[in-house]
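Using the working numbering, the letters of the sequence shown map in sequence onto residues -16 to 129.
Beta carbons are placed, not taken as given, at the ideal position from N, Cα and C, and that holds for glycine.
Here is the structure we will look at.
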Amino acid sequence: MRFGCGVGVDAQMNAFAYGHWRKFVILYLIICGCLKGTLNVLKSCAKFPSLKRVVLTSSIAAVAYNKKPQTLDVVVDETWFTDHDLCRESNLWYVVLKKLAEDSAWKFVRENNIIDMVTTKPAMVIGPLLQPVLKTSAAAILHLIY
């Protein structure tokens, strides 16, 4: 069975056990939803010629997960990107998703040459919690406090 969500993500499915199949479909739908959402926003922005620039809030996850040394003497620049294969092997799906969304946004901007886009990659987002579960940024701060 072959799937494609129309935004650069295809998947080939062979005979999987039901549990693996269900997990794959859920992951696939989340990825497609995120990529389509990102592209829908950019397509909407492109319809307004008065819009000069789009700022995409990505994540440090889009650049931090690779096999490069992370020591104080290493310079981190625009060549640093997350390694998709490493993240897939480690089941770091949030990281894969952030990188794929940013990649699809940059591809759209380059191919259409309509809008200017910049990205910001915050390491932490701090503020009121919108969900009942403690997420990564808030957990890191809480760990520092206690």
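In terms of Cβ geometry, Leu22 and Phe64 do not form a close pair [threshold 8 Å].
Per DSSP, reduced to three states, the secondary structure at Thr119 is helical. Leu18 sits away from Ala121, with the two beta carbons spaced by 8 Å or more.
Here the alpha carbon of Ile13 sits roughly 29 Å from the alpha carbon of Leu34. Pairwise C-beta distances place the region 25 to 45 in contact with the region 100 to 113, as three or more of them are shorter than 8 Å. For Met107, DSSP assigns no beta-bridge partner whatsoever. Per DSSP, the continuous beta strand (DSSP E) segment holding Leu39 begins and ends at 36 to 40.
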